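Protein chains: 2
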Amino acid sequence: MKSKQSLGRNLPIGVFDSGLGGLTVVREILKQLPREHIIYFGDLARLPYGIKSKRQITEFSIENTEFLLHRGVKAIVIACNSSASAAGNVLRKRYTIPILDVIRPAAREAIRVSVKKRIGVIGTQATVASGAYERILRSFDSGVRVQVQACPLFVPLVEEGILSGSIAGSIVKQYIKPLVDGRIDSLILGCTHYPLLRSAIQKFVGPKICLIDSAKPTVLNLISLLSEKKLLRKSRGKGKLSVFVSDLQQSFLKIGERFLVEPLRDVKVVRLTEVATVKRKWLA
Amino acid sequence: MKSKQSLGRNLPIGVFDSGLGGLTVVREILKQLPREHIIYFGDLARLPYGIKSKRQITEFSIENTEFLLHRGVKAIVIACNSSASAAGNVLRKRYTIPILDVIRPAAREAIRVSVKKRIGVIGTQATVASGAYERILRSFDSGVRVQVQACPLFVPLVEEGILSGSIAGSIVKQYIKPLVDGRIDSLILGCTHYPLLRSAIQKFVGPKICLIDSAKPTVLNLISLLSEKKLLRKSRGKGKLSVFVSDLQQSFLKIGERFLVEPLRDVKVVRLTEVATVKRKWLA
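First to last, the sequence lines map onto chains A and B. Residue 379 is where the first sequence starts when you use my numbering, and the numbers rise one by one after that. Residue 379 is where the second sequence starts when you use my numbering, and the numbers rise one by one after that.
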């Protein structure tokens, strides 16, 4: 008979995002923790979150978390900066399961690599309005100078597949120039969509500014946490990735494959009413 | 004692959209029908619709319609092309109340003004994928040549307030050039956000191509319909505009005022759960 702990080890890791940008984090989990099972939920019916209110994003994030809990997961990664900045603390207070997000690991990495302690952060309107990055960066180093910039056109650009060329270049310049003028030496890509614009951004800022993508530091954090709680899966077999979405649009799947850098198989649609039912059941 | 009909006359006109673009239609109702009361619902929590599936847009549209019906309206205008093209016919079959949308009036106007019968249509991905404009235009004139183009970056551009300048210009050029090359002589702005990009588009296409905004023909259609059903409000007093939204983001209200071209007062937030409750009540 298996012990409770070994059962826990074999449970999947839950990951959610407003859309499919969070698959950049899944990609890193697949690389670094290939034995783990993963359940991903992308709220395609109600995306994007980054232009919505804190209250609304929190409500959606609770529903997403409860959907994952209902399916049985051993830990949850909030792979969406807007969701993490609006609801990360609310979710951690509400549930006992380990809940990680992409903000703290990216901030710690920025503090580690920044020499001049001048850090730029780009993100959605919701992430920028929350002030989450400034608070966490200053909690690590009170002397750090932080400059933030909302980039509302970046998500639609990525979803349109416009990752280079003159239109992408002009929009990158418009948003990033104030940060370069402010002499940052490192720049946090504070949205899981932005790694796809990495080349266009690096081209504009030049080689001296270090770009920080949250996926790798988040997964390193996940490894420490699972290891500490003795929840790493020991099996030799490869883990299974299951992808759930609240709406299915073929064009989105193509974008999803860009984030994951491999074909997206086994995508299941959960209706919003089902997510809501799960919520009611969970709270009942 | 007032007759049933005079009570009906005094009910508001219901208007809904995924966001606040539909206020371009409200603006035209205020101009042409200043005595009418209007209830507007903008689904800010779940916008945009144009990148979502037909099934999902239909579900949202049914909820929005039921929210308006529950508040008591004498007619409904679907002031959202994505919603109209995905769900217009479903809604008209489902309810007995008059339900108008922005597609048929804009198509009729295009047929009226086009000399060469070469009509271009721009819209969201959902509107273009539905084929609604081609079907309706061909039902009016089987010989018409129709060229459609999805413009997914236009909505975020408008919401960002980037209505002119080099970025807007390059994006307009990228989407509209194939239509100009196809020698259209009139162009339907098939999304209630697009009138705000009218100058940028007209600048690119030149003065010979006629741009068609659905607001005016839609309201002319609304007037005929209300008049025919003896539902025009007779009172001398000015009508009242009530605006409901499913999420409240301050930046959106500023954009809303651009659509309405006057201050947005009296905006109330309805929670999505309330919309869903209304739905359940209605169907019970």
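Quick reminder that beta carbons are idealized off the backbone N, C-alpha and C, glycines included. Note that the structure is predicted; figures quoted are calculated from it, not measured.
Query: Strand pairing of residue 456 (chain B), partner residues [DSSP]; Result: B:394, B:479
Query: Collapsed DSSP secondary structure at residue 589 (chain B) in the structure displayed; Result: strand
Query: 6 Å Cβ shell around residue 501 (chain B) - same chain, five flanking residues per side excluded; Result: 459, 568, 569
Query: Residues bridged to residue 528 (chain A) (per DSSP); Result: A:501
Query: Euclidean distance between Cα positions of residue 439 (chain A) and residue 490 (chain A); Result: 30 Å
Query: Contacting residues, own chain, Cβ-Cβ under 8 Å from residue 426 (chain A) (five flanking each side not counted); Result: 396, 397, 460, 502, 533
Query: Rounded straight-line distance, which links the Cα of residue 560 (chain A) to that of residue 605 (chain A); Result: 40 Å
Query: Neighbourhood of residue 436 (chain B) by C-beta, 6 Å cutoff - its chain only, sequence neighbours within 5 removed; Result: 464, 465, 468
Query: Residue 627 (chain B) classed as buried or exposed, judged by whether at least 16 other C-beta atoms fall within 10 angstroms; Result: buried
Query: Integer Cβ distance of residue 563 (chain B) from residue 579 (chain B), believed to fall under 8 Å; Result: Not quite, the Cβ-Cβ distance comes to about 15 Å (not below 8 Å), so this is no contact.
Query: Reduced DSSP secondary structure (H/G/I, E/B, other) of residue 646 (chain A); Result: strand
Query: Neighbourhood of residue 418 (chain B) by C-beta, 6 Å cutoff - its chain only, sequence neighbours within 5 removed; Result: 393, 404, 621
Query: Cβ neighbours of residue 657 (chain B) in the same chain (closer than 6 Å, five flanking residues each side left out); Result: Interpretation of residue 657 (chain B) is limited by its pLDDT of 49, a score under 50 that renders its predicted location unreliable; the figure taken from the coordinates is listed afterwards. So the list reads 441, 444, once near-sequence residues are dropped.
Query: According to DSSP, residues forming a beta bridge with residue 582 (chain B); Result: The partner list for residue 582 (chain B) (beta bridge, DSSP) is empty, contrary to what the question assumes.
Query: Where residue 479 (chain B) falls, given that 16 or more other Cβ within 10 Å makes a residue buried; Result: buried
Query: Cross-chain neighbours of residue 538 (chain B) in chain A, by beta carbon under 7 Å; Result: 530, 531
Query: Through-space distance from residue 609 (chain B) to residue 601 (chain B), alpha-carbon basis; Result: 9 Å
Query: Straight-line gap, residue 637 (chain A) to residue 416 (chain A) (C-alpha atoms, nearest Å); Result: 16 Å
Query: Three-state secondary structure (DSSP) of residue 547 (chain B); Result: helix
Query: Test: residue 525 (chain A) CB closer than 8 Å to a CB of chain B; Result: no
Query: heavy atom of the ligand ATP below 7 Å from residue 518 (chain A) C-beta; Result: Absence of the ligand ATP from the depicted structure is noted, as is the absence of any ligand whatsoever, leaving it without description.
Query: Cβ-Cβ distance between residue 422 (chain A) and residue 625 (chain A) below 8 Å; Result: yes
Query: Backbone secondary structure at residue 418 (chain A) - three-state DSSP; Result: strand
Query: Which listed residue (A:391, A:519, A:572) has its alpha carbon closest to that of residue 493 (chain A); Result: A:519
Query: Burial state of residue 452 (chain B), where buried means 16 or more other Cβ atoms lie within 10 Å; Result: buried
Query: Distance, residue 402 (chain A) Cα to residue 544 (chain A) Cα; Result: 25 Å
Query: CA-to-CA distance, residue 589 (chain A) to residue 552 (chain A), given in whole angstroms; Result: 17 Å
Query: Proximal chain B residues relative to residue 534 (chain A), where beta-carbon distance stays under 7 Å; Result: 530, 531, 534
Query: Within chain B, the residues that residue 430 (chain A) reaches when beta carbons sit closer than 8 Å; Result: 422, 423, 625, 627
Query: Bridge partners - residue 496 (chain B), DSSP secondary structure assignment; Result: B:523
Query: Proximity test, Cβ basis, 8 Å: residue 601 (chain A) and chain B; Result: no
Query: Beta-bridge partners of residue 668 (chain A), as assigned by DSSP; Result: The structure shown does not extend to residue 668 (chain A), since chain A is modelled only from 379 through 662, so no value can be given for it.
Query: Through-space distance from residue 521 (chain B) to residue 513 (chain B), alpha-carbon basis; Result: 12 Å
Query: Below-8 Å beta-carbon distance, residue 549 (chain B) vs any chain A residue; Result: yes
Query: Where residue 498 (chain B) falls, given that 16 or more other Cβ within 10 Å makes a residue buried; Result: buried
Query: 6 Å Cβ shell around residue 529 (chain A) - same chain, five flanking residues per side excluded; Result: 500, 553
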